[in-house]
Amino acid sequence: MKSEVQDLVDRGVVLPLMEEFYTIQGEGFHKGTAAYFIRLGGCDVGCHWCDVKESWNAKLHPPTLIENMVENACQYSKIAVITGGEPLMYNMFPLTEMLKDRGLNTHIETSGAHQLTGIWDWICLSPKKRKLPTDEVYTVANELKVIVFNKDDFRFAEEQAARVNKDCILYLQPEWGRREKMSPLIVDYVMKNPRWKVSLQTHKYLNIP
Ligand code: SF4
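Residue 18 is where the sequence shown starts when you use the working numbering, and the numbers rise one by one after that.
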């Protein structure tokens with residue numbers, strides 16, 4: 018039988034919270050902008066180069082009332098970035114509705130591998146080969162951010178770009194551990210294919226979370 022906590026998680030009124038912090042968005046279109054990050058635990062995609070493997074097991078992260086997350090976010094910022102792990106493993110409607118009610122803009126960082134839920138002002142879709150996005154999320158993504166670990170990721174990036182809507186901004190971002198090798202290739206690729214832009218994990222260069 019389902020526990021009471023699991024029932025609350027399934028309804029999205031309680032979510033496994035890994036960490037929450039006020040920082041600068043380092044990546045993509047909103048880089049350089051201060052925002053409150055809410056990192057949820059749980060991801061079943063399994064990227065071998067993932068830099069937040071501690072997030073994968075949702076059970077390690079305390080089920081937390083979304084009211085508390087919203088209250089904390091309101092104290093710091095007008096932008097809440099929901100990240101993970103994979104936030105779309107959960108029903109995002111209650112959390113995003115509550116954030117919107119309090120006047121915050123809602124951003125998500127997602128692989129898109131699960132059903133899209135929630136009310137979003139900005140959707141950063143970062144597709145992963147191991148578990149591709151759902152059809153729906155391609156139609157509403159604001160930015161496509163492909164992580165470049167090896168050369169085959171350029172092929173994957175084009176394959177994914179062919180699926181997104183026409184307004185979606187296209188980014189190539191070097192995987193942090195491979196940045197020295199891949200950054201020159203990305204620079205070269207973007208100059209030859211200027212519909213793409215370079216995204217860097219600037220928060221890591223700044224040494225902030
Ligand atoms: S989708 Fe994101 S959180 Fe999940 S394994 Fe891949 S990089 Fe890590």
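All residues carry an ideal CB built from backbone N, CA and C; glycine is no exception.
Restricting attention to C141, I186, D24, F173, the CA atom closest to the CA of T81 is found in D24. Non-local C-beta neighbours of T50 in its own chain, meaning closer than 8 Å and more than five positions away in sequence, comprise I41, Q42, I96, ordered along the chain. Between the beta-carbon of P144 and that of V165 there is about 12 Å, and that puts the pair past the 8 Å contact cut. Relative to the Cα of Y107, the nearest Cα in the group H124, G45, C60 belongs to C60. Segment contact: the segment 70–90 against the segment 109–128, three or more CB-CB distances shorter than 8 Å; contact assigned. At the C-beta level, Y188 and E153 stay beyond 8 Å of one another. Following the DSSP letters along the chain, one finds V26 inside the alpha helix (DSSP H) bounded by residues 21–28. One Cα belongs to P201, the other to P111, and the distance between them is close to 43 Å. For S72, the number of other beta carbons within 10 angstroms of its own is at least 16, and it is reported as buried. Sorted by chain position, residues whose beta-carbon lies closer than 6 Å to a non-hydrogen atom of ligand 1 are C60, V62, G63, C64, C67, V69, S72, G101, G102, E103, S128, K145. Bounds of the alpha helix (DSSP H) holding T113 are 110–118.
The Cβ atoms of L105 and T123 do not sit closer than 8 Å to each other.
Annotation for V30: L82, I83, P111 place their beta carbon closer than 8 Å to its own, counting only its chain and skipping 5 residues before and after.
Sorting E197, G135, N210, E21 by C-alpha distance to the C-alpha of A178 places N210 at the top. The three-state reading of DSSP puts F171 in helix, counting H, G and I together.
Scanning the segment 48–109 for uninterrupted alpha helix (DSSP H) segments of 4 residues or longer gives 83–93, listed from N- to C-terminal end.
Here DSSP, grouped into helix, strand and coil, assigns I136 to coil.
The shortest CA-to-CA distance from P33 to any of L57, H47, A158 is the one to L57. I203 sits buried, since 16 or more C-beta atoms from the chains shown fall within 10 Å of its C-beta. A straight-line Cα-Cα distance of about 43 Å links Q92 and K168.
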